[in-house]
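Input: a single structure, listed below in structure tokens.
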Amino acid sequence: MTTVGSDIEAGKAPVALAMDWGGTWARAAVIDRQGTILWQDRVANEPGAMQDQLVHAAGGLLQTARDWAGDRPVAGAGIALAGSIDAASNMLLSSPNLPALNGVRLPALWEPILGAPSLGIVDRGAVFTGAVGAAGEVGHMTIDLRADAPQCACGNSGCLEALASGTAIARAAMARSGDATPGSPLQQAYEANAALTGEAVFTAAARGDYVALEVIDAAVGAIIVGLGNVLNIFNPDVVVMGGGVTIGLQELDLLGQIEDGARRRAMSSGHRAFRLAPATFGDSQGMVGAASLVWAETGRG
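This note's numbering numbers the first residue of the sequence shown as 129 and each following residue consecutively.
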């Protein structure tokens with residue numbers, strides 16, 4: 129994260145540049161201190177792209193965000209992505225979703241744009257980073273111990289992410305799409321030999337496609353086990369879920385089932401005393417969270 133405190137001009141509300149860099153898309157936004165997304169866009173991570181290609185595309189997207197901000201003062205830039213970051217060098221050590229980026233010094237993305245040095249990358253709000261900044265990878269706890277468990281991008285198998293992410297849901301549905309309900313998005317994708325998205329699986333489930341329903345039910349089961357583990361280890365009072373899968377689960381009214389299932393797996397009444405809440409900003413939570421770090425660092429939030 130970079131902050132540029134000296135550029136705040138009187139009479140003009142500052143904005144933050146934010147990026148959510150996932151395995152499929154890099155999304156950038158201009159966000160005000162209230163969390164309102166004023167502008168956003170995204171670019172695809174080209175399959176098989178090399179490190180310099182990914183960095184160039186993401187840097188160009190951030191430059192577009194800066195250009196859109198115009199004469200608004202930019203308080204700073206923040207980035208959200210999965211992986212381990214060395215706090216001293218601000219270097220990405222290991223990213224399961226974007227392994228080509230391993231070794232990249234992340235502030236180099238925005239320092240040429242903002243013309244200011246980095247003040248450091250805050251990993252998960254600096255609440256708990258672990259010995260080398262790699263803590264909190266809930267998505268990479270092992271859920272499925274079978275020898276043929278789905279492979280995860282991190283190199284392990286049976287991870288929660290390999291079972292319940294949007295990509296995992298789409299992959300599981302595509303493997304069975306030949307048996308899908310005639311006319312459903314799954315069956316159409318199968319006949320056209322087209323790529324399938326997690327969103328399409330949720331749409332098919334909402335229309336009653338039994339393959340989609342079974343795939344999502346399996347993902348829900350994995351989430352319940354993972355959330356139960358989180359309850360027993362961390363004893364939180366609130367668990368916030370966000371992202372595209374959470375939006376799909378909300379639309380199918382499944383968050384209550386997940387909350388109840390996780391509570392049944394909790395070891396005591398103290399561990400069961402929690403609330404499951406959807407993220408306020410839905411699929412934009414990564415970008416809004418990155419922007420919030422800018423405001424927290426500058427003291428203007």
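For each residue, glycine too, the CB sits at the ideal point set by N, CA and C.
Spatial distance of residue i from residue j (CA atoms)
{"i": "residue 201", "j": "residue 195", "result": "11 angstroms"}
{"i": "residue 149", "j": "residue 155", "result": "6 angstroms"}
{"i": "residue 395", "j": "residue 360", "result": "6 angstroms"}
{"i": "residue 249", "j": "residue 319", "result": "Only weak support is given to the placement of residue 249: the predicted model assigns it a pLDDT of 34, under 50, and the question is left unresolved by the model."}
{"i": "residue 145", "j": "residue 157", "result": "6 angstroms"}
{"i": "residue 209", "j": "residue 307", "result": "35 angstroms"}
{"i": "residue 223", "j": "residue 212", "result": "7 angstroms"}
{"i": "residue 270", "j": "residue 234", "result": "28 angstroms"}
{"i": "residue 350", "j": "residue 170", "result": "30 angstroms"}
{"i": "residue 253", "j": "residue 316", "result": "Because the pLDDT at residue 253 is just 46, under 50, the model does not fix this residue reliably, and the value given afterwards should be weighed accordingly. The alpha-carbon atoms of residue 253 and residue 316 are separated by roughly 43 angstroms."}
{"i": "residue 141", "j": "residue 198", "result": "12 angstroms"}
{"i": "residue 228", "j": "residue 321", "result": "28 angstroms"}
{"i": "residue 324", "j": "residue 387", "result": "28 angstroms"}
{"i": "residue 285", "j": "residue 301", "result": "18 angstroms"}
{"i": "residue 309", "j": "residue 384", "result": "27 angstroms"}
{"i": "residue 244", "j": "residue 391", "result": "Because the pLDDT of residue 244 is 48, which lies under 50, any placement of that residue in the model is unreliable, and the number read from its coordinates should be weighed accordingly. Between residue 244 and residue 391, the C-alpha separation is close to 47 angstroms."}
Element boundaries [beta strand (DSSP E), containing residue i]
{"i": "residue 315", "result": "Element bounds for residue 315: not the beta strand (DSSP E) but the alpha helix (DSSP H), 313–320."}
{"i": "residue 404", "result": "403–406"}
{"i": "residue 207", "result": "202–208"}
{"i": "residue 367", "result": "366–369"}
Beta-ladder partner(s) of residue i, from DSSP
{"i": "residue 282", "result": "Paired residue(s): none; residue 282 is not in a bridge."}
{"i": "residue 156", "result": "147, 169"}
{"i": "residue 226", "result": "Answer by DSSP bridge pairing: none, since residue 226 is not bridged."}
{"i": "residue 219", "result": "214, 233"}
{"i": "residue 309", "result": "According to DSSP, residue 309 bridges with nothing at all."}
Segment limits, alpha helix (DSSP H) that includes residue i
{"i": "residue 389", "result": "383–393"}
{"i": "residue 212", "result": "From DSSP, residue 212 is part of no alpha helix (DSSP H) but of the beta strand (DSSP E) over 212–214."}
{"i": "residue 186", "result": "179–197"}
{"i": "residue 302", "result": "294–303"}
Whole-Å CB distance - residue i paired with residue j, under 8 angstroms assumed
{"i": "residue 266", "j": "residue 183", "result": "That pair is no contact at about 27 angstroms."}
{"i": "residue 354", "j": "residue 288", "result": "4 angstroms"}
{"i": "residue 292", "j": "residue 373", "result": "7 angstroms"}
{"i": "residue 220", "j": "residue 230", "result": "6 angstroms"}
Contact test: residue i Cβ vs the ligand COA heavy atom, cutoff 8 angstroms
{"i": "residue 307", "result": "Judged by which ligands are present, the structure shown has none, so any question about the ligand COA falls away."}
Is there contact here, the stretch 362–380 with the stretch 395–406, by at least three beta-carbon pairs under 8 angstroms? yes
Three Cβ pairs or more, each shorter than 8 angstroms: is that satisfied between the stretch 297–314 and the stretch 326–340? yes
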